[in-house]
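Worksheet for the structure shown next.
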Amino acid sequence: MRLVLTNVSQGFAAQPLFSNASATLHSGQAVHLHGANGAGKSTLMKIMAGLQTPLTGRVERVFDKAEKNNRQAVIYLHQQTYLFDTNVRANVEYGLKLRGEKNTSKVDEALEWARLDHIQNRAAHHLSGGERQRLALARALVLDPQVILLDEPSSNLDVESMERIQHMLAELKGKGTGYLLACHQKNLVSQCCDQNWYLQNGQLVIAD
Amino acid sequence: MTELWQTLLQALAQLASGDDQLWGIVGVSFSVSLSALLIALLPALTLGFVLAYYQFPGRWIAISILNSLLAVPTVVVGLVLYMLLSRAGPLGDYHLLFTQPAMVIGQILLCFPLLVSMSLSAFQAADQRVLETARTLGANRWQAFTTLLFEVRFALMAAVVTAFGRIIAEVGCAMMVGGNILHHTRNITTAIALETGKGEFVQGVALGLVLLSLSLVLNVSLGWMQSNSRVLRQAS
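Heads up: the sequence lines are chains A and B, in that order.
Note that the working numbering gives residue 141 to position 141 of the first sequence, counting from 1, and the numbers run on in steps of one.
Note that the working numbering gives residue 211 to position 3 of the second sequence, counting from 1, and the numbers run on in steps of one.
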């Protein structure tokens, strides 16, 4: 799958946040999105995920014929991740239930992958920052997404949690899941990303 | 003082005896108030959601009107409804005056603004990321809405409990449009008013005890919900 942005602009017409942003994100591609605070990284990601409508331009999801239909196309993960007011396991099951699936082995795998299987019955709002991020990733991963948009996944994390997130991102890349990662932690992204996008002065610049 | 104790003991005995007339009156109260609540609930929640999440001309006027309706005395609602339903009124042909449906309509008018106002507050206090998270995980609009309802469930249950408490304890509207007819439209509050007027305190006290017990149960439930609600905790 390709996520194609064509001349996307957002903000006010007189003072756009960014304008004419054009880029393509493939599944399996790992991209680091750079930009100062307030540059519009979160907004761009939400537009890419279909959660916001751009002022101008369009975002298209282009699928290859052979691609599986039951994969979630794009998932956006908030900077401060939101967990539903239920337990850990129910959070992971959420997307599958929406599809009418009851695949317990998938849920078990995702919980194990995120190392949350031992606390799967704990209330989600009792988790630590690192556990919350891992749960958000597991909740997305269980849907087998083609592209994940990660908005500052390392904010407020300790070193150990960051290393775990880094390890999980490497695994995602290995599985062919594409991701766009907005992150200020250079040590986290240096090993995880193979392309850089810069959002600066209202323009999106692509660099290898 | 002895007379008061005797009345109280007789009232308790009447309650315990399963007196058909007394429990029939309690049944009318619950039947009418629960019907009104069930009918008003979904439209009120939907309107609360629309007012919380959509911007449209007149939105603030609608919210102001709803908030003003919270303070309208029940007898005023009863008066307006009486005029509408009376034989000479625009809805007189339906012959609803002094019937339970008339009482249900009156109680819908009383609880609807409260349900809208409290659900609006619950939706506004809800985390804005709920809908985005639901949508990005594959929820359609309806599924995202039901997810939001689940996330604010305790605040909404508090709204329902508060609304139920308001309508089951109101007397003005029920008296005016119900007519206080035994076995038909006589409910707890109108019966208390009647029995007290007649100087027959035993049944009045017995029904009062039912209302007090209900009030206690509702308030304990409300406290439990508040202690469990993320939204209410954030608001307090």
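Every residue, glycine too, gets a C-beta built ideally from N, C-alpha and C.
These numbers were taken from a predicted model, which means no experiment stands behind them.
Chain B has no Cβ within less than 8 angstroms of the Cβ of Phe12/A. Residue contact check for His78/A against chain B: a CB pair falls below 8 angstroms. The C-alpha of Val283/B is placed about 29 angstroms away from the C-alpha of Phe257/B. When beta bridges are read from the DSSP output, Gln195/A appears opposite Val31/A.
Comparing alpha-carbon positions, the option among Phe372/B, Asn436/B, Thr397/B lying closest to Val425/B turns out to be Phe372/B. Note on geometry: alpha-carbon atoms of Lys102/A and Leu96/A lie some 7 angstroms from one another.
For a Cβ distance threshold of 7 angstroms, residue set Asp335, Arg337, Val338, Thr341 of chain B lies close to Tyr82/A, ordered along the chain. When 8 angstroms is used as the limit between beta carbons, Arg99/A is near these residues of chain B: Gly346, in chain order.
Secondary structure note for Gln332/B: its alpha helix (DSSP H) is the uninterrupted segment 308 to 333. Along the length of the segment 132 to 202 of chain A, whole alpha helix (DSSP H) runs at least 4 residues long occupy 159 to 174, 186 to 189, reported in chain order.
Near chain B, meaning a CB-to-CB distance below 7 angstroms, the residues of the segment 31 to 50 of chain A are Ala49.
The C-beta separation of Ser327/B from Leu356/B comes to about 11 angstroms, leaving the pair out of contact by the 8 angstroms criterion. The beta-carbon distance between Ser241/B and Gln315/B, rounded to whole angstroms, is 6 angstroms. This is short enough to meet the 8 angstroms contact definition. Contact between the segment 128 to 142 of chain A and the segment 97 to 116 of chain A is present: 3 or more CB-CB pairs across the two stretches fall below 8 angstroms. Burial is judged here by how many other beta carbons sit within 10 angstroms of a residue's own beta carbon; Pro54/A has at least 16 and is buried. In this structure, Pro321/B is the residue among Val288/B, Thr393/B, Pro321/B with its C-alpha nearest to the C-alpha of Ser272/B. Within the segment 329 to 387 of chain B, the runs of alpha helix (DSSP H) that reach at least 4 residues and sit entirely inside it are, in chain order, 337 to 344, 349 to 359, 361 to 376, 380 to 386. Leu274/B and Leu415/B do not touch by the CB rule: their CB atoms are close to 32 angstroms apart, not below 8 angstroms.
Of all residues in the segment 358 to 378 of chain B, only Glu359 place a beta-carbon less than 7 angstroms from a beta-carbon of chain A.
A distance of 8 angstroms or more separates the beta carbons of Met433/B and Phe358/B. In this structure, DSSP gives His126/A a helical state, which the three-state scheme calls helix.
Pro16/A has Gly11/A as its beta-bridge partners, per DSSP. What Gln72/A touches in chain B, judged by beta-carbon distance under 7 angstroms, is Gly346, going in chain order.
Counted as a single uninterrupted DSSP element, the alpha helix (DSSP H) harbouring Arg267/B occupies residues 267 to 277. Excluding its 5 nearest sequence neighbours in each direction, Leu293/B has C-beta neighbours in its own chain below 7 angstroms: Leu299, Gly300, Leu304, Leu305, Ala310, Val385, listed in chain order. Between Ser27/A and Thr177/A, the C-beta gap is smaller than 8 angstroms, which places the two residues in contact. By the C-beta density criterion, Gln214/B is exposed, having fewer than 16 other C-beta atoms within 10 angstroms.
Interface annotation, Leu116/A: not in contact with chain B, CB-CB separation never under 8 angstroms.
Distance from the CA of Ser225/B to the CA of Leu111/A, rounded to the nearest whole angstrom, comes to 57 angstroms. Rounded to the nearest whole angstrom, the CA to CA distance from Leu172/A to Ala36/A is 26 angstroms. Taking a 10 Å sphere around the C-beta of Ile206/A, we find fewer than 16 other C-beta atoms and assign the residue as exposed. With a 10 Å radius around the Cβ and a threshold of 16 neighbouring Cβ atoms, Ala182/A comes out buried.
Annotated as proximal: Val418/B and Ile396/B, with beta-carbon spacing under 8 angstroms. Under the Cβ distance rule, Arg122/A does not count among the residues neighbouring chain B, no pair being separated by less than 8 angstroms. In this structure, Val4/A is the residue among Phe84/A, Leu98/A, Ala30/A, Val4/A with its C-alpha nearest to the C-alpha of Gly57/A.
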